[in-house]
Amino acid sequence: MWSSLNLGDEVILTDVEGGDSRVRHLMELGFTRGTRVRLLARAPFGGPVVVEVRGARLAIRLSDAACLKA
Amino acid sequence: MPEGLNLAPGKSARASNGLPVVLVGPPNVGKSTLFQALTGVRARIVNYPGATVDLQEGRWVGTGTGEGWRVLDTPGIVGLEPRGADEAVTRQILFPAGVARNPRVVLVLDQTQLARHLYLAFQLREAGLPVVVALTMGDLLAEQGHEVRVADLEASLRMPVVRVDTGDPKSLEVLAEAVAALPVVTTAPEPPVPWDRARVEDARQDADALALRVLVPVPRPDPRVRLPLHERLDPWLLHPFWGFLVFFVAMAAVFSAVFWVAQPAMEVVDALVGSAGGWLHDRLPPGALADFVRDGLVAGLGSVLMFVPQIALLFLAMILLEDSGYLARAATMADRPLSVLGLEGRSFVPLLSGFACAIPAMLATRTIPDARIRRLTILVVPLASCSARLPVYALILGFLVPADKPWLGGVALATLYLGGLALAALLAWCVSRALPADVRASVPFVLELPVYRRPVAKRVIQGVLLKVRSYLERATLPITIVATLLWAATYFPVAGDDPVLRMQGSYAAHWGKAIDFAFAPLGLDWRAGVALIAAFAAREVFVASLALALGVTAVRDGLQAGLLASMAKATLQDGAPMFTLASGVALLVYFVVAMQCASTFVVAWRESGSARVAWGQLLGFNALAYGLAALVYRALA
Numbered sequence: 002m003w004s005s006l007n008l009g010d011e012v013i014l015t016d017v018e019g020g021d022s023r024v025r026h027l028m029e030l031g032f033t034r035g036t037r038v039r040l041l042a043r044a045p046f047g048g049p050v051v052v053e054v055r056g057a058r059l060a061i062r063l064s065d066a067a068c069l070k071a
Numbered sequence: 018m019p020e021g022l023n024l025a026p027g028k029s030a031r032a033s034n035g036l037p038v039v040l041v042g043p044p045n046v047g048k049s050t051l052f053q054a055l056t057g058v059r060a061r062i063v064n065y066p067g068a069t070v071d072l073q074e075g076r077w078v079g080t081g082t083g084e085g086w087r088v089l090d091t092p093g094i095v096g097l098e099p100r101g102a103d104e105a106v107t108r109q110i111l112f113p114a115g116v117a118r119n120p121r122v123v124l125v126l127d128q129t130q131l132a133r134h135l136y137l138a139f140q141l142r143e144a145g146l147p148v149v150v151a152l153t154m155g156d157l158l159a160e161q162g163h164e165v166r167v168a169d170l171e172a173s174l175r176m177p178v179v180r181v182d183t184g185d186p187k188s189l190e191v192l193a194e195a196v197a198a199l200p201v202v203t204t205a206p207e208p209p210v211p212w213d214r215a216r217v218e219d220a221r222q223d224a225d226a227l228a229l230r231v232l233v234p235v236p237r238p239d240p241r242v243r244l245p246l247h248e249r250l251d252p253w254l255l256h257p258f259w260g261f262l263v264f265f266v267a268m269a270a271v272f273s274a275v276f277w278v279a280q281p282a283m284e285v286v287d288a289l290v291g292s293a294g295g296w297l298h299d300r301l302p303p304g305a306l307a308d309f310v311r312d313g314l315v316a317g318l319g320s321v322l323m324f325v326p327q328i329a330l331l332f333l334a335m336i337l338l339e340d341s342g343y344l345a346r347a348a349t350m351a352d353r354p355l356s357v358l359g360l361e362g363r364s365f366v367p368l369l370s371g372f373a374c375a376i377p378a379m380l381a382t383r384t385i386p387d388a389r390i391r392r393l394t395i396l397v398v399p400l401a402s403c404s405a406r407l408p409v410y411a412l413i414l415g416f417l418v419p420a421d422k423p424w425l426g427g428v429a430l431a432t433l434y435l436g437g438l439a440l441a442a443l444l445a446w447c448v449s450r451a452l453p454a455d456v457r458a459s460v461p462f463v464l465e466l467p468v469y470r471r472p473v474a475k476r477v478i479q480g481v482l483l484k485v486r487s488y489l490e491r492a493t494l495p496i497t498i499v500a501t502l503l504w505a506a507t508y509f510p511v512a513g514d515d516p517v518l519r520m521q522g523s524y525a526a527h528w529g530k531a532i533d534f535a536f537a538p539l540g541l542d543w544r545a546g547v548a549l550i551a552a553f554a555a556r557e558v559f560v561a562s563l564a565l566a567l568g569v570t571a572v573r574d575g576l577q578a579g580l581l582a583s584m585a586k587a588t589l590q591d592g593a594p595m596f597t598l599a600s601g602v603a604l605l606v607y608f609v610v611a612m613q614c615a616s617t618f619v620v621a622w623r624e625s626g627s628a629r630v631a632w633g634q635l636l637g638f639n640a641l642a643y644g645l646a647a648l649v650y651r652a653l654a
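Sequence order for the protein chains is H and D.
Following the working numbering, the numbering of the first sequence begins with 2 at its first residue and continues without gaps.
Following the working numbering, the numbering of the second sequence begins with 18 at its first residue and continues without gaps.
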């Protein structure tokens with residue numbers, strides 16, 4: 002999903018998938034269902050994506066971002 | 018050496034129920050800034066038993082209670098369920114085992130991030146801890162055109178809430194009053210069980226709703242509508258071309274600071290230590306004691322002080338980058354290639370600094386929150402060719418490279434540096450693969466990109482001083498002891514004034530001769546061996562020690578020329594020349610790989626908190642260096 006978005010695009014999370022501990026940590030960081038997430042920047046060569054969530058800017062690796070479904 | 022952290026009730030029980038006041042909060046909320054404002058320069062770094070996290074402890078004066086309270090800064094947490102060893106420490110401090118009281122907590126929250134950060138307030142409330150909420154970043158929120166209704170927030174959270182501004186002493190007094198008024202909790206609440214998904218989602222929704230309710234718009238001081246700086250800058254600073262350009266320039270600046278700018282200061286330290294040693298030497302009766310004071314004790318202290326300019330400059334650069342907000346962007350840029358090796362973006366600056374010196378580099382790993390990644394970074398740092406290897410490379414390449422092909426020296430030198438780097442990458446990759454997959458992948462990797470801000474001079478200087486002081490407290494004693502022992506090994510038992518005779522008859526030489534056979538596979542004999550042993554004090558000592566072992570003293574053309582001539586003449590027992598292409602390259606390979614620096618050993622142990630890392634480097638890297646050097650010699654001879 003993240004590769005097809007343009008910078009500035011906003012999505013609403015429908016689900017957070019993955020192992021239990023990872024999902025809970027992502028949720029604690031603010032990635033819960035119904036949250037708006039905006040793609041701000043992409044680090045080159047498949048590096049982390051920078052997203053805005055609840056007013057914070059977080060860089061997360063693509064492997065973690067893949068848990069976030071919209 | 019720093020004292021361990023004392024969690025037992027202390028003498029000041031009246032003022033603080035015996036436990037320190039604990040600052041808790043998510044990362045990047047200005048917790049450390051508040052801590053510095055509360056404690057000033059009276060802070061020190063303490064060790065939590067069994068952990069290597071940087072904990073700062075200080076005394077919070079100006080609380081109206083005379084001696085003030087002990088106050089403790091803790092690693093940032095998102096929730097009470099720890100995501101790594103550092104966050105586990107915060108949890109252990111909040112719920113100390115075997116103490117029937119909980120510390121009083123100042124929960125530091127960023128007002129501009131209220132919706133996210135209130136989550137932690139809910140968790141602390143459920144745990145039943147006595148908490149005062151301190152709201153930071155009020156100026157930023159005002160710029161964004163909002164304000165927090167403190168009374169509403171207090172009523173909803175059922176916790177006292179104070180707006181703090183580190184520039185305003187009045188607000189800090191209000192905070193102190195609120196902490197003083199907290200009830201003493203005499204039951205010992207258990208650490209709460211982790212919340213399940215549904216509970217996390219509920220708490221998140223409550224936090225959203227509450228934040229929405231207490232945030233009210235205020236007239237902006239600057240009515241022009243402008244995108245915040247980060248929204249304009251981040252796409253550029255993470256751009257495949259411009260991003261790398263900025264990254265390259267910033268990292269080149271950091272590297273130059275440690276590699277070149279520190280040089281004159283290090284020479285000054287060296288000269289001061291030299292003259293101090295000489296001064297003391299002249300005032301003592303000639304003999305072993307005077308020599309010990311000058312060449313053992315003072316020189317040993319000098320090898321501690323020698324690193325201070327590099328450490329100060331590296332941390333100056335790092336704190337500037339961190340406080341401005343760029344360091345997190347740089348780490349984002351560097352994360353992808355490093356993640357393949359089991360490291361992360363924040364490993365980059367330490368690895369880069371390793372090319373100047375492993376010691377500041379290892380201290381710099383404290384910005385890496387995950388203890389496992391921090392250890393792995395510390396483990397591979399010594400494989401970056403530090404500046405102390407350069408004199409050795411220069412000597413041996415000067416011997417090997419024909420005068421009419423100087424470019425060959427440049428190519429060879431680049432190969433040595435890249436070789437070390439490649440080995441570091443390979444080692445990191447292998448070690449991280451050896452970890453079980455579920456350990457590697459259970460916790461998401463997240464970097465919070467803070468708002469760009471102008472660094473505050475006072476805070477930067479305090480930060481640099483604290484780092485330097487912490488290094489001196491931790492490293493002075495062990496480094497001086499090891500340096501003094503190495504001096505004694507090359508000094509005793511021969512008496513007399515001739516340094517060549519002393520060296521050649523020393524214990525180190527005896528040991529070198531006893532393991533003469535071990536140097537044969539490298540095409541060398543005990544004379545190179547004793548220089549290798551002496552090089553444990555510092556690698557560049559190899560050059561001077563080799564000169565002594567080969568019988569070269571002050572020569573008119575300078576040590577280097579005399580040494581090169583002696584190297585050309587030196588022969589093994591069977592009459593064959595000792596220094597050949599094969600043995601020279603073998604020595605180079607040895608120096609690229611070997612961990613032969615006593616100070617690095619000490620610091621690696623302290624910083625990683627792991628004897629395995631330090632001994633692994635000392636024994637493992639040296640064995641590998643020896644094996645590779647022997648292979649190279651065999652192939653070339």
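By construction, the Cβ of each residue, glycine as well, lies at the ideal position given by its N, Cα and C atoms.
A quick note: this is a predicted structure, and the numbers were derived from the prediction, not measured.
Separation of Gly295/D and Ala441/D (C-alpha to C-alpha, rounded to the nearest whole angstrom) is 40 Å.
One thing to note: Ser562/D has its Cβ no nearer than 9 Å to the Cβ of Ala585/D. Look at Gln73/D here: in three-state DSSP terms it is strand. For the segment 154 to 179 of chain D, the set of residues with a beta-carbon nearer than 8 Å to any beta-carbon of chain H is empty.
For the pair Ser404/D and Cys374/D, the CB atoms are nearer than the 9 Å cut-off.
Proximity of Pro495/D to chain H, defined by a Cβ-Cβ separation below 9 Å, is not satisfied.
Shown here for Val148/D: same chain residues with a beta carbon closer than 6 Å to its own, the five before and five after excluded, namely Val122, Leu124, Leu141, Met176 in chain order.
Here Gly31/H has Val54, Arg55 as same chain residues with Cβ atoms under 6 Å from its own Cβ, once five neighbours each way along the sequence are excluded.
Contact with chain H is absent for Glu339/D, since none of that chain's Cβ atoms lies less than 9 Å from the residue's Cβ. Interface with chain D (9 Å Cβ-Cβ cutoff): Met2/H is excluded. Proximity to Ala197/D across Trp86/D, Gly529/D, Val558/D, Pro252/D peaks at Trp86/D, based on C-alpha coordinates.
Leaving aside the five residues that flank Leu229/D on each side, the residues in its chain whose CB is nearer than 8 Å to its CB run, in chain order, Ala132.
The residue among Leu482/D, Phe536/D, Leu565/D, Asp542/D with its C-alpha nearest the C-alpha of Ser523/D is Leu565/D. In this structure, the straight-line span from the alpha carbon of Arg519/D to that of Phe559/D is close to 16 Å. With fewer than 16 other CB atoms across the displayed protein chains lying within 10 angstroms of its CB, Lys422/D is exposed. At a Cβ-Cβ threshold of 9 Å, Pro99/D and Ile110/D do not count as neighbours. With respect to the 9 Å criterion, Val12/H and Leu40/H are classified as neighbours on the basis of their beta carbons. At least one beta carbon of chain H lies nearer than 9 Å to the beta carbon of Pro211/D. Contact with chain D is found for Thr33/H, since one of that chain's Cβ atoms lies less than 9 Å from the residue's Cβ. In terms of Cα proximity to Thr617/D, the closest of Val499/D, Gly426/D, His527/D is Val499/D. Val88/D is positioned such that its CB atom lies no closer than 9 Å to that of Phe112/D. According to DSSP, residue pairing for Leu40/H in a beta bridge involves Val52/H. The beta carbon of Val235/D sits no closer than 9 Å to any beta carbon of chain H. If you look at Asp10/H, you'll find it isn't in any beta strand (DSSP E); DSSP assigns it neither H nor E. A direct Cα-to-Cα measurement between Ala545/D and Leu489/D gives close to 33 Å. In the DSSP annotation of this structure, the continuous segment of the alpha helix (DSSP H) that includes Ile336/D starts and ends at 325 to 341.
In the three-state reduction of the DSSP assignment, Pro44/D falls in the coil class. Between the segment 401 to 418 of chain D and the segment 600 to 618 of chain D, the count of Cβ pairs shorter than 8 Å is three or higher; the stretches touch. Counting only the Cα atoms, Arg311/D lies some 38 Å from Thr432/D. Excluding the 5 residues flanking it on each side, Asp542/D has same chain C-beta neighbours closer than 8 Å at Asp533, Phe536, Leu589, Gln590, Met595, in chain order. Secondary structure within the segment 242 to 301 of chain D: the alpha helix (DSSP H) runs of 4 or more consecutive residues, fully enclosed, are 246 to 254, 259 to 273, 279 to 300 (chain order). The beta carbon of Ile328/D is closer than 8 Å to those of Ile376, Pro377, Leu380, Lys484, Val485, Tyr488 in its chain, skipping five residues each way along the sequence. With a threshold of 9 Å between beta carbons, Leu333/D makes no contact with chain H. For Val148/D, the enclosing beta strand (DSSP E) covers residues 148 to 153. According to the DSSP assignment, Arg121/D belongs to no beta strand (DSSP E), since it is labelled neither H nor E. Considering only beta carbons, the part of the segment 10 to 27 of chain H lying closer than 9 Å to chain D consists of Val17, Gly19, Gly20, Asp21, Ser22, Arg23, Val24, Arg25, His26, Leu27, in chain order.
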